[in-house]
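Contents: one structure, followed by commentary.
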């Protein structure tokens with residue numbers, strides 16, 4: 003075979019590979035996502051594992067956020083709770099004072115759609131437990147930015 007034939011064969015194989023990859027990503031990935039089984043709690047089993055809780059919370063409302071974004075926003079809830087807890091200890095008071103970081107995190111969480119906020123809080127509850135009301139309670143917020151987030155969570159029934 004000549005050099006020209008080898009190049010033509012190589013380019014043809016590369017073109018077929020690219021075309022096959024495009025077809026797979028356009029059509030095959032949707033079928034693979036649809037074929038993944040949903041993780042639910044069996045009706046006879048009252049105790050759920052942490053993995054099952056996370057999977058259920060994830061399925062209930064991922065909406066448009068990716069898994070990494072949901073986890074990132076959930077860490078922001080953690081950080082707000084941590085700032086409030088540290089403030090209570092430092093001030094030796096029952097009421098925490100949010101810092102600018104906590105208020106910024108609250109603003110960003112408040113910008114999320116209802117479904118996305120529900121997904122983030124469900125994920126947080128699944129990982130940390132069902133104590134979101136205790137984590138985001140007993141604080142003084144003169145700006146009202148953190149109060150706005152917690153009242154929105156209350157309206158959606160997320161802080162129960």
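Numbering (the numbering used here), first residue to last: 3 to 162. We put the beta carbon where it would ideally sit given N, CA and C, even for glycine. Note that the structure is predicted; figures quoted are calculated from it, not measured.
Check	Outcome
Does the Cβ of residue 39 have 16 or more other Cβ atoms within 10 Å, making it buried, or fewer, making it exposed?	Note that residue 39 scores a pLDDT of 49, beneath 50, so its modelled location is shaky; the value from the coordinates is reported in the next line. Answer is exposed; the Cβ neighbour count stays below 16.
According to DSSP, is residue 98 helix, strand or coil?	strand
As a quick exercise: from 161, 78 and 8, pick the residue whose alpha carbon is nearest that of residue 102.	78
State buried or exposed for residue 98, treating a residue as buried only when at least 16 other CB atoms are found within 10 Å of its CB.	buried
Whose CA, out of 136, 110 and 51, lies closest to the CA of residue 71?	110
What does the Cβ neighbour count give for residue 155, buried or exposed, with the cut at 16 atoms within 10 Å?	buried
Quick one: Cα of residue 159 to Cα of residue 116, how far?	11 Å
Count the other CB atoms within 10 Å of the CB of residue 120; is the residue buried (16 or more) or exposed (fewer)?	buried
Would you kindly check if the distance between the Cβ of residue 67 and the Cβ of residue 114 is under 9 Å?	yes
Taking a contact to mean a Cβ-Cβ separation below 9 Å, would you say residue 83 touches residue 151 in this structure?	no
What are the boundary residues of the alpha helix (DSSP H) that residue 153 is part of?	147-157
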